[in-house]
Every structure is written in structure tokens, then in C-alpha cells.
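Trainee:
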Amino acid sequence: MTDLEKVREWIKTFPKFDGISEFNVDYTDNIPANGGIFPSGLVEISRVEDVIGNVTVENQYNFGLYYVFSKAPEDDIGAALNADWIMEFQQWVQEQSILGKAPTFGNTGEKEKASAQNGVLYDADIEGVATYMVQLSFNFKKKYEVK
Numbered sequence: 001m002t003d004l005e006k007v008r009e010w011i012k013t014f015p016k017f018d019g020i021s022e023f024n025v026d027y028t029d030n031i032p033a034n035g036g037i038f039p040s041g042l043v044e045i046s047r048v049e050d051v052i053g054n055v056t057v058e059n060q061y062n063f064g065l066y067y068v069f070s071k072a073p074e075d076d077i078g079a080a081l082n083a084d085w086i087m088e089f090q091q092w093v094q095e096q097s098i099l100g101k102a103p104t105f106g107n108t109g110e111k112e113k114a115s116a117q118n119g120v121l122y123d124a125d126i127e128g129v130a131t132y133m134v135q136l137s138f139n140f141k142k143k144y145e146v147k
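In the working numbering, the protein residues as written are 1 to 147.
(1) Following the continuous alpha helix (DSSP H) through Gly-19, name the residue where it begins and the one where it ends.
(2) Closest by CA to Trp-10, which one among Trp-85, Pro-32, Val-146 and Ser-97?
(3) Going along the chain, which residues of its own chain have a beta-carbon closer than 7 Å to the beta-carbon of Gly-119, five neighbours each way excluded?
(4) Under three-state DSSP, which class holds Gly-64?
(5) Using the DSSP secondary-structure output, state which residues sit across from Gln-135 in a beta bridge.
(6) Taking all protein chains shown into account, do 16 or more other C-beta atoms lie within 10 angstroms of the C-beta of Thr-28, making it buried, or fewer, making it exposed?
(7) Do you know offhand how far Ala-79's Cα is from Val-25's?
(8) Could you spell out the range, first to last residue, of the beta strand (DSSP E) harbouring Leu-42?
(9) What residue range is occupied by the uninterrupted alpha helix (DSSP H) comprising Asp-3?
(10) So who's on the other strand from Tyr-144, going by DSSP bridges?
(11) Measuring alpha carbon to alpha carbon, tell me which of Trp-92, Glu-127, Gln-60 and Asp-125 ends up nearest Asp-3.
(12) Would Gly-106 and Lys-142 be called neighbours here (beta carbons separated by less than 7 Å)?
(13) Measuring alpha carbon to alpha carbon, tell me which of Lys-12, Asn-30 and Thr-56 ends up nearest Trp-92.
(14) Does DSSP put Asp-123 in a helix, in a strand, or in coil?
(15) Could you tell me which residues DSSP puts in a beta bridge with Phe-14?
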């Protein structure tokens, strides 16, 4: 299973994910109950080499998650329900990370961190469709040993 597949399958275990009928890679339809995961790659945070040449890198995977929900213009109740869903997802990611249930990618045995932040209304149209975005990241370390 690829790292992207691990993240995607894990997101589907969010208890309220059952409201999402489609969950695509690099694509989100403008129809309510759709979502998409947009990988934005690997960032190398730091690199440390020991005296014999082994290298430990701290990495971060980043993803944009887009969720499309119904939200009529000036519908405060619908907007609040959508915002609650996004915030509950962010809290769930935090809990999963703390409990060690989030996907892991490192090989050092050190605690890894998953975080979901900056949940925001990204776009809303007059037809009653709103797109929300959350930034998801995973911090982990990998060690490469000289043979």
C-alpha cells in the first residue's frame, strides 16, 4: 500500500465520513457529499548526519483536503453544521495522532505527529454548494544507514 493509499483509507475511518459519497485524488466534483485529497508532496524539515555517515531526516507530508457540502446563501444553520463537521474532523485527527492510530511513515520508532489545521470555507456559490478546505500534515523521521 502506498503512503497516499494509507492516508486515504485512514481518512475514511473518520466516524462522520459516511456523509461523503465520493473521495477522489486531485479532484472534487462540485456536488454535495464529495471530497478530494490533494497531495502537495514531501518537505524535508531537517537532516542530521552522524560521525559514521548515517543520516536521519525529519520529513513532513502535506495534503489539502476539500469537502463539498450543501449550504444555501445566508444559511447560518447549514454553515454551522458544515463548520462543526470540519472542526470535528480536525479534533479526530488530533486524537488519532495522540493515540497512535494515525498512519505512520517513519522508521526510527519515534512518536510521529498528524495534524489537521486551518479548516476554512474555501468557496460557496449561489446554487447552494460550499467547498471547505483543511490542511493535513504528517511529521515523521527516517534514518538511512551507511552499509
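Beta carbons: idealized from backbone N, C-alpha and C, even for Gly.
In this text, all values refer to a predicted model and were calculated from it rather than measured experimentally.
Mentor: Looking at the coordinates:
(1) In the DSSP assignment, Gly-19 falls outside any alpha helix (DSSP H) and carries neither an H nor an E.
(2) Ser-97
(3) Ile-86, Met-87, Gln-90, Tyr-132 and Val-134, listed in sequence order.
(4) strand
(5) Note: Gln-135 sits in a beta bridge opposite Gly-64 and Gln-117.
(6) buried
(7) 25 Å
(8) 34-49
(9) 3-11
(10) Val-55
(11) Gln-60
(12) yes
(13) Lys-12
(14) Note: Asp-123 maps to strand in three-state DSSP.
(15) In DSSP, Phe-14 forms no bridge with anything.
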